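Asks:
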Amino acid sequence: MIRFENVTKRYRGTSKPALSGVDFEVQRGEFVFLVGASGSGKSSCLRLILREDVPTSGRVAVLGRDLRSLANRKVPYFRRHIGSVFQDFRLLPSKTVHQNVAFTLQVTGSSRGFIQQAVPEALALVGLEGKEKRMPHELSGGEQQRVAIARALVNRPQVLLADEPTGNLDPATSVDIMQLLARINAGGTTVLMATHEAGFVDQMRRRVIELRDGEMVRDEVHGGYGDTSNIPRLAPEEVRGAAAAAALTAVQEVQRQTADLSVVRAALAEELDAQRRAAAAAAPQPEREPQVVEPPEPPRRGVVEPPDEAERAPAAEKAPVERPATPRTHPIVLPEVDVAELGVADRLGLSDQDDEEVGPTS
Ligand code: ADP
Ligand code: MG
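The sequence shown begins at 223 in our numbering and counts up by one.
(1) For residue 412, is the classification buried or exposed, using 16 other Cβ atoms within 10 angstroms of its Cβ as the cut-off for buried?
(2) Starting from the N-terminal end, write out each residue whose C-beta falls within a distance shorter than 6 Å of any non-hydrogen atom of ligand 1.
(3) Is DSSP giving residue 294 helix, strand or coil here?
(4) Could you spell out the range, first to last residue, of the beta strand (DSSP E) harbouring residue 402?
(5) Between residue 415 and residue 255, which are expected to be in contact by the criterion C-beta below 8 Å, what is the C-beta distance as a whole number of angstroms?
(6) In whole angstroms, what separates the C-alpha of residue 228 from that of residue 305?
(7) Please report the distance separating the alpha-carbon of residue 216 from that of residue 380.
(8) Using the three-state DSSP reduction, which class does residue 228 fall into: helix, strand or coil?
(9) With a 10 Å radius around its C-beta and 16 neighbouring C-beta atoms as the bar for buried, classify residue 338 as buried or exposed.
(10) Quick one: give me the first and last residue of the alpha helix (DSSP H) that residue 374 is part of.
(11) From residue 375 to residue 344, what does the alpha carbon distance come to, in whole angstroms?
(12) My understanding is that residue 232 touches residue 239, with C-beta atoms under 8 Å, so please give their C-beta distance in whole angstroms.
(13) Relative to the alpha-carbon of residue 327, which residue among 315, 252, 432, 377 has its alpha-carbon at the smallest distance?
(14) Could you check whether residue 262 and residue 429 sit closer than 8 Å to each other, using their CB atoms as the reference points?
(15) Does the Cβ of residue 293 have 16 or more other Cβ atoms within 10 Å, making it buried, or fewer, making it exposed?
(16) What number of angstroms, rounded off, separates the C-alpha of residue 317 from the C-alpha of residue 369?
(17) Are the CB atoms of residue 313 and residue 366 within a distance shorter than 8 Å?
(18) Looking only at C-alpha atoms, which of 331, 257, 298, 357 sits nearest to residue 422?
(19) From residue 371 to residue 441, what does the alpha carbon distance come to, in whole angstroms?
(20) Counting only runs that start and end within the stretch 232-319, where is the alpha helix (DSSP H) found for 4 or more residues in a row?
(21) Quick check on residue 360: does DSSP put it in helix, strand or coil?
(22) What does residue 381 pair with, by DSSP beta-bridge criteria?
(23) Any chance the CB of residue 385 is under 7 Å from a heavy atom of ligand 2?
(24) In whole angstroms, what is the alpha-carbon distance linking residue 260 and residue 504?
(25) Suppose you measure from the CA of residue 389 to the CA of residue 417; what does that come to, to the nearest Å?
(26) Between residue 245 and residue 334, what straight-line distance do the alpha-carbon atoms span, to the nearest angstrom?
(27) CA-CA distance, residue 432 and residue 252?
(28) Can you tell me the Cβ-Cβ gap for residue 300 and residue 287, rounded? I've got them flagged as a contact below 8 Å.
(29) Distance, Cα to Cα, residue 427 vs residue 332?
(30) Under DSSP, the alpha helix (DSSP H) around residue 423 begins and ends at which residues?
(31) Report the three-state DSSP secondary structure of residue 343 (helix, strand or coil).
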């Protein structure tokens, strides 16, 4: 879904590369932390994924497209499939909450009817019902970030990129935002979150890719920040402790909610095993760490533009096969689902249901 192949990024006028030989692959449905001290290259990675910049050497492929060969005029369409949120929220200050979320849809030509339905649903998903008419300055920082997340999701992207989304928030609010991102990921959206904060990463037990001076020094499937001795500790120790404790409580809460979904989890694990065996039998691959075999991804209806030939298996081109279960490289955390909420997830493309409004390719 996102692949970096030996990526080096050297900015003009700098002696040291910002990224050096970075190599990783993120599978559909994963939640990945991109960690490292300030200046280690996290934002540079995210900019390459969004095609806001291009690598000096190496290759970046996203959603089945080699970004080198993506024509400039196609970049706006490509970006519709990727939501992004930032540390500073980046809301339009003179627009209401509703208008902020609706703006992207209006710019991209969605119908009024669709906007009237999709915006309240996105706001409900992030817990901001009833605040549609507020202005950004009438909201707390956490609420502003929720608006930004709703805006990022309203286009039903397959990938959500978050660059230090909790960087401007207090520990308790940060935990709320992390829970929200975990819930969005549990709905099927791939999440890549850059952060220099150790507390959350330790507790979330998700895959961690660590950068140090532009080099990848760690790729751990089950998270944990690892050796934190080189990471600057910006907050006082007791605050960090409170944040970690709060994060743990949050994670335990999500786990409690999902305990009775162990059957679903087991079935998904079995399905993944079967896919791995089938893929291994079809095309034996050299060992890679971490080893994950991605099943061919079927085309979605209403495709906006054709995928790059080189990126697609011929078999996946035509047959309208059923979408396979999401492959995961970490324990699957599913939120408690109620029927109303499921409707919201469907409308936002967070479920496995395809739709005709947005048709990313893989
Ligand atoms: P992080 O997000 O981890 O803090 P960045 O990706 O922003 O790291 O930066 C990585 C390195 O690249 C830093 O040394 C930074 O100064 C440098 N850098 C980032 N953007 C630019 C740019 N546009 N021009 C020159 N140097 C840059
Ligand atoms: Mg950054």
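A virtual CB, placed ideally from N, CA and C, is assigned to each residue, including glycine.
Remember, it's a predicted structure, so these values are computed and weren't measured experimentally.
Replies: Well, looking at it:
(1) buried
(2) 233, 236, 240, 258, 260, 261, 262, 263, 264, 265, 266
(3) helix
(4) Not the beta strand (DSSP E): residue 402 falls in the alpha helix (DSSP H), residues 393-408.
(5) 6 Å
(6) 25 Å
(7) With the chain running from 223 to 584 in the structure shown, residue 216 is simply not present.
(8) strand
(9) exposed
(10) 363-375
(11) 7 Å
(12) 4 Å
(13) 377
(14) no
(15) exposed
(16) 12 Å
(17) yes
(18) 257
(19) 26 Å
(20) 264-271, 297-301
(21) helix
(22) 304, 412
(23) yes
(24) 43 Å
(25) 8 Å
(26) 42 Å
(27) 16 Å
(28) 7 Å
(29) 38 Å
(30) 420-426
(31) helix
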